[in-house]
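Chemist: Right, I'll just put the structure down here and ask away after.
Residue numbers (the UniProt record's numbering): 1 to 153.
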């Protein structure tokens, strides 16, 4: 009887350990997502600063890809092309372009908060599992002590 209980307890402990490991992997993936979202926000900040600072007639470096750039003169700052999402973009004036980027940043802020909330829930779940595992260990120790006392008698 005690061997079956101990084996079942060991199996439960392994299952809990696996669940905790899966939760930790999920947390890591969510933290990576936050990092990516924050990088996206930084790029938008830089774009907004550039849009606000650049004037018609300024010379800028335009990325061509592959770490190649070309100098170009801004003909009209009120012809900023901004992507809305889903592959759609439209020409906007300077102020509207900044407004669109600010709205996109707000959406990213909301997503970051959602992901942080998900992480907090997973951390709580992990802590509960760890407490459950500790309780199981304590029960197993008590059972072993009782068995030893019975054997000693």
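All residues carry an ideal CB built from backbone N, CA and C; glycine is no exception. Here the structure is a predicted model, which means the values were calculated and not measured.
From which residue to which residue does the beta strand (DSSP E) around residue 68 run?
Modeler: 68 to 73
Chemist: Restricting to runs no shorter than 3 residues, where is the beta strand (DSSP E) found entirely within the segment 50 to 115?
Modeler: 59 to 65, 68 to 73, 80 to 85 and 88 to 92
Chemist: From this set, 54, 14 and 24, which residue's C-alpha is nearest residue 119's C-alpha?
Modeler: 24
Chemist: Where residue 34 and residue 115 are concerned, what is the direct C-alpha to C-alpha distance, given to the nearest angstrom?
Modeler: 7 angstroms
Chemist: Under 8 angstroms: do the segment 92 to 107 and the segment 50 to 66 share three or more Cβ pairs, one atom per stretch?
Modeler: yes
Chemist: Could you name the residues of the same chain whose beta carbon sits closer than 6 angstroms to that of residue 56, not counting the 5 residues immediately before and after it, in chain order?
Modeler: 74, 76 and 77
Chemist: Would you call residue 101 buried or exposed, if buried means 16 or more other Cβ atoms sit within 10 Å of its Cβ?
Modeler: buried
Chemist: What do you get for residue 154, buried or exposed, if any count of 16 or more other CB atoms within 10 angstroms of its CB means buried?
Modeler: Outside the shown range of the chain, which is 1 to 153, sits residue 154, and nothing can be said about it.
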